[in-house]
Each structure stands twice: as structure tokens, then as C-alpha cells.
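Take a look at the structure set out below.
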Ligand code: UD1
Ligand code: UDP
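In the numbering used here, the protein residues as written are 1 to 358.
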């Protein structure tokens, strides 16, 4: 039996949570070994270390320190450093997750060295090329040979883009975030400090909202009114948003807390009355925990949640956000059709990588 060496590239918060599940399965396999590279994109203790500690993810074998700067600069610096690591460690395959700058840099560095690339969360599309994530995911899919799709819609997107006639394999495997939610729900812990009863859990960090002053102002106005009139809003504030609000003259009146670990986050998801977010992952997690979700974006990649009536897209208009929140507060939703595979995605992914071989 030949041992297959996979080099996994991670760098941003959601990637630690996703990689945790796949890494666990790889550690049990006797024909695959994993080397983990952390680009350094997220670096605060509560955006990175906390996940390695809480979720028992092995320390990265290679730790880069690339963060900040423009998109091009960040991606370019990662590309150069990842290429050096790939030349040194000679993996048989590179594994990347999602749609961040770390994802694209990892996929591109590997493709240029003719190392096969597996992409987890392949095929997702918002059809909005203004989003940095849309550019990252389209380009990553183009250079991948194993495309692990979480949903039926993702497979259809790739088919429409002509992947069916390429040598790449498009595989619907389910969503690794459901694997994580199922495993760690049992270990949930409440965040430190007093929390208000009957709260809405909110998150806010997408560039299209935080970097657009008009959208940010409207969202802050909506959150303030919801918090003062309808239900307390608990908001673990992403560092990007904290910085941008501090630089503006906006005042955000909600129950603001620092970013929390995943175990605290699943506790918040389990105990809230509604999820209000612009995150990709949190939209699905609301669903996993049976909560309705109001999404402050103009498009979502998770279209099946909209079709199932579990998620409502409201963009960044103040009145639309408030209206959707009041209608959905306390509403429960059900995953009747196992839209995300039921928690077996990591096993399927590792088994397919083993089959693909060296
Ligand atoms: C990135 C991803 C986004 C993903 C998000 C998950 C890209 C293009 N975007 O966005 O798709 O949804 O991660 O959270 O890759 N910062 C800190 N401390 C940290 C991390 C970030 O202060 O630990 C600051 C950075 O210095 C920067 C800002 O937050 O000023 C944004 O960070 P960046 O990694 O560029 O993008 P995110 O908004 O986190
Ligand atoms: N998350 C967390 N602590 C927080 C906020 C989010 O653990 O304070 C988790 C969340 O449960 C989900 C992931 O981080 O698993 C989502 O990350 P984020 O919203 O930053 O990125 P996106 O999914 O939009 O790329």
C-alpha cells in the first residue's frame, strides 16, 4: 500500500471548523497522511487558536504569517510562501476549503506545480463577481480535479459550467459543516458573562456590507431598532466589522461580544430565537439548529434554504431587515430532506481521496 500525502491549506475561521472534521477521519485512515498549512490569514487568538484548542485540531505543521493588505497582495504573498512549502514537502495532493484568499492561493500554487487539487465546497455560486469569494471559488474549481460539492445546486452549477465533459470528478458528498454541528452540539458551552433572554443571534462581516458605508449604516440602524424594540441582539463582532465601525461615526447598540469559540457559537445557535447574518456558514448552522434565518445579502449560495422556506434574503435595507425579523422571530424550521447529507461528508471525502490515490 502506498501512503498518500495530502497537504491541507487553511487560514480563516470557517476553514478550521471544516478541516477539523476531515482531519479526524484522515487520522483514522492508514493510507493517507496529512500535513497542515495555516496561512495566517486569521490570527487573533479568538479567530484561530481557540478553534485548534477547543476542537482538538493538531497544530499546523507549517505556520505562515500572511494577513492584511489588499486582496492581491495577500493572495500573492500566500502564493509565494505556499509554493515554497509545496516544493519542500512534495505532497501527492493539495486540499483546500471554501472561497477565501487562502483557498485560491493554495489551489493556484498547487496547480502551477502540477499537484492535483481537491476542493471542499466546490460548485457554490452567488453569481456576483463583485464578491471576492466568487472570484476565489470559480478559479479554485477550475484548477481542481476532485470537486467535493455540498449540495445538489452546487453539482448543477458545475454541470452548467461544462465540468461534466472534463476529466475532473464532481462528487456530491454533503456538507462538512453539518458533520461539525452534529458532533459538537453535545459539547456546547455558554459564552462567558450574562446574556439577555430570548435573543436574536447576529453576525456581520461580509465585505459587501462592511465596506459599503450606505449598507453598513442601514444595517446598523436596523440592528439598533430591532435591539431596542423587538428582541435583544447578541452579536459576536468580527474584527473587520469592529474596525470599520470604529472608523465611522456609527453607533451600534446591541449586546456586543468578542468573537467566540465554536462550542460557544453552537450554544448561541441552540438558544437563540432567530439568526440574522451575512455569513455563509451561519446560514446553514441556523438550519441545523432548527432556527429560521434572515440573511443580509442580495444573493446566497445556499439556495436550497430559500426554497425550503428556512431562510429569507433581505439585502441591506433597514425596513426589509426589520420586517423579516419581526415575521420570523421564534419560527422553527426542519431539515426534512437532509439537504446537507446528514453528517457523513468527511467520511465520503476521505474515502474518495483514498480512491483517487497518489
Ligand atoms: C475572510 C474571507 C471571507 C470569510 C471570512 C470568514 C477572503 C477574501 N474573505 O474575510 O470569505 O467569510 O474570512 O470570517 O478571504 N482581522 C483581524 N484579526 C483576525 C482576522 C482578521 O484583525 O484574526 C482583520 C484583518 O486584519 C483585516 C480584516 O479583519 O483588517 C479582514 O480580514 P480578512 O482575512 O482580510 O477578511 P475577512 O473579512 O476575515
Ligand atoms: N463562528 C464562531 N464564532 C463566532 C462567529 C462564527 O465560531 O464568533 C463560526 C460559525 O459558527 C461558523 C463559522 O464560524 O461555523 C463561520 O465563519 P464566518 O461567518 O466568519 O465565515 P463564512 O462562513 O461567512 O465564510
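Even glycine gets a Cβ: it sits at the ideal position worked out from N, Cα and C.
Here's the rule I'm using: 16 or more other beta-carbon atoms within 10 Å means buried, otherwise exposed. How should residue i be labelled?
i	result
residue 227	buried
residue 213	exposed
residue 186	exposed
residue 3	exposed
residue 74	buried
residue 197	exposed
residue 127	exposed
residue 229	exposed
residue 129	exposed
residue 45	exposed
residue 311	buried
Counting only the same chain and skipping the five closest in sequence on each side, list residues whose C-beta sits under 8 angstroms from that of residue i.
i	result
residue 26	6, 32, 33, 34 and 350
Please name the residue, chosen from the options, that lies closest to residue i on a Cα-to-Cα basis.
i	options	result
residue 333	94, 270, 323 and 344	270
residue 188	3, 37 and 263	263
residue 153	254, 307, 265 and 87	307
residue 193	225, 115 and 256	256
residue 344	203, 21 and 87	21
residue 151	225, 172 and 129	172
residue 69	292, 48, 240 and 356	240
residue 49	30, 14, 356 and 163	14
residue 220	134, 116, 45 and 319	319
residue 302	109, 179 and 339	339
Taking a contact to mean a Cβ-Cβ separation below 8 angstroms, would you say residue i touches residue j in this structure?
i	j	result
residue 277	residue 300	no
residue 9	residue 37	yes
residue 236	residue 210	no
residue 101	residue 78	yes
residue 95	residue 57	no
residue 268	residue 325	no
With DSSP as the reference, label residue i as helix, strand or coil.
i	result
residue 97	strand
residue 380	Nothing in the structure corresponds to residue 380, since the chain is present only between 1 and 358.
residue 29	coil
residue 142	helix
residue 5	strand
residue 187	coil
residue 234	strand
residue 119	strand
residue 129	coil
residue 344	coil
residue 402	No statement about residue 402 is possible, as the shown extent of the chain runs from 1 to 358 and does not include it.
residue 163	helix
residue 57	coil
Could you name the residues of the same chain whose beta carbon sits closer than 7 angstroms to that of residue i, not counting the 5 residues immediately before and after it, in chain order?
i	result
residue 217	250
residue 85	37 and 62
residue 266	181, 184, 185 and 188
Excluding the five sequence neighbours on either side, which residues of its own chain have a C-beta within less than 6 angstroms of the C-beta of residue i, listed in chain order?
i	result
residue 42	12, 13 and 48
residue 223	233 and 254
residue 258	46
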